[in-house]
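**Student:** Mind having a look at this structure? Questions to follow.
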Amino acid sequence: MKYINQIFFKGLILVLPITLTFYLLIWASYKVESLFGDVIEKLIGKVLYIPGLGILVTLFFIFLVGLLVDNYITGRFFSWLTNALEKVPLIKVIYNPLKDLMALIPGRSSNENKPQRVVLVPLEGLGVQTLGLVTREELEELGDSHCGSNLISVYVPLSYMLGGITFLIEKDKVKKVDIPVEQALKLSVTAWIKAKDKE
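Numbering follows this note's numbering, with no gaps: position 190 of the sequence shown is 177.
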């Protein structure tokens, strides 16, 4: 019976990640396809419509927006638009956190609001440390109260994308770690199970 269980779990360990990966890819493709797919099908008709056109148009649309943002004139308009969205009472509650979260995505060309360095944060009383990303070096909102001038904000992502915690901690209590932000995120998200990719 023990041997049968071992064989079953070996199969499960192989099949489950593959199944979930393809399921999520298919689900995401379906959602992306539905953004423009229905409109394209109505415009050109069912005879000419090819499944996947919605995905291609969505990717092209995102790339086009990126080009417009990169342009000086249209970039100013998008900057005005995003600043306006940040002030609308109901929208800003959703928009602002999502915009800040995008700063953690690797590969962005702009360094504005991106994590600057990777540090180890001691969890006092537990005798352990956790990996974090410094998101702010100055917390002027706190002023001089609560040692605000000596505090930094450190974001600690939880494993498997289950959220994260932001610590306000004294600068001299963290230790700098000489690894890229992207690698630190990968290590934290995967619970350090896979240290580095195979050659």
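All C-beta atoms in this analysis are idealised placements derived from N, C-alpha and C, irrespective of residue type, glycine included.
Have a look at T6, W67, K162 and flag the residue whose alpha-carbon is nearest the alpha-carbon of V105.
**Tutor:** Nearest of T6, W67, K162 to V105, Cα basis: K162.
**Student:** Write down the C-beta distance between L120 and V168 rounded to the nearest angstrom, noting that I regard them as a contact closer than 8 Å.
**Tutor:** About 6 Å; that satisfies the 8 Å criterion.
**Student:** Please classify P144 as buried or exposed, where buried requires at least 16 neighbouring CB atoms within 10 angstroms.
**Tutor:** It is buried - the Cβ of P144 has at least 16 other Cβ atoms within 10 Å.
**Student:** So what does F154 bridge to, in DSSP terms?
**Tutor:** V141, per the DSSP bridge assignment.
**Student:** Taking T122 as the reference, give the member of V56, V44, I49, I156 with the closest Cα.
**Tutor:** That would be I156, whose Cα lies nearest to the Cα of T122.
**Student:** Using 8 Å as the Cβ pair cut-off and three pairs as the minimum, do the region 41 to 61 and the region 15 to 30 touch?
**Tutor:** In short, these stretches touch, since the Cβ pair count reaches three.
**Student:** Which first and last residues belong to the alpha helix (DSSP H) in which P4 is found?
**Tutor:** Residues -11 to 31.
**Student:** Within 10 angstroms of its Cβ, does L113 collect 16 or more other Cβ (buried), or is it exposed?
**Tutor:** Exposed, since its Cβ has fewer than 16 Cβ neighbours within 10 Å.
**Student:** At which residues does the alpha helix (DSSP H) containing L172 begin and terminate?
**Tutor:** Its alpha helix (DSSP H) spans residues 168 to 176.
**Student:** Given that a residue counts as buried once 16 or more other Cβ atoms are within 10 Å of its Cβ, and exposed if not, what is N98?
**Tutor:** Legend: pLDDT at N98 = 49, less than 50; position of this residue unreliable, no value from coordinates given.
**Student:** Kindly indicate which three-state DSSP category L126 falls into: helix, strand or coil?
**Tutor:** Three-state result, L126: coil.
**Student:** Looking only at C-alpha atoms, which of T117, V52, G150 sits nearest to S66?
**Tutor:** Among T117, V52, G150, the Cα nearest to that of S66 belongs to V52.
**Student:** Along the beta strand (DSSP E) that carries L107, what are the first and last residues, could you check?
**Tutor:** From DSSP, the beta strand (DSSP E) with L107 extends over 104 to 110.
**Student:** For the beta strand (DSSP E) that V164 lies in, which residues bound it at each end?
**Tutor:** Looking at the DSSP string, the run of the beta strand (DSSP E) that includes V164 is 162 to 164.
**Student:** Around the Cβ of Y(-10), are there at least 16 other Cβ atoms within 10 angstroms (buried) or fewer (exposed)?
**Tutor:** Exposed, since its Cβ has fewer than 16 Cβ neighbours within 10 Å.
**Student:** What does the alpha-carbon distance come out to for the pair T61 and F50?
**Tutor:** In a straight line, the C-alpha of T61 is about 14 Å away from that of F50.
**Student:** Who are the Cβ neighbours of L55 in its own chain at under 6 Å, not counting the five residues just before and after it?
**Tutor:** Excluding sequence neighbours, L55 sits near T61.
**Student:** Here's a check: name, in chain order, each residue in its chain whose Cβ is nearer than 7 Å to the Cβ of I78, leaving out the five neighbours to either side.
**Tutor:** Hits under 7 Å: L72.
**Student:** Relative to the C-alpha of F47, which candidate in F64, V19, K29, L30 has its C-alpha closest?
**Tutor:** Checking every option, the nearest Cα to that of F47 belongs to V19.
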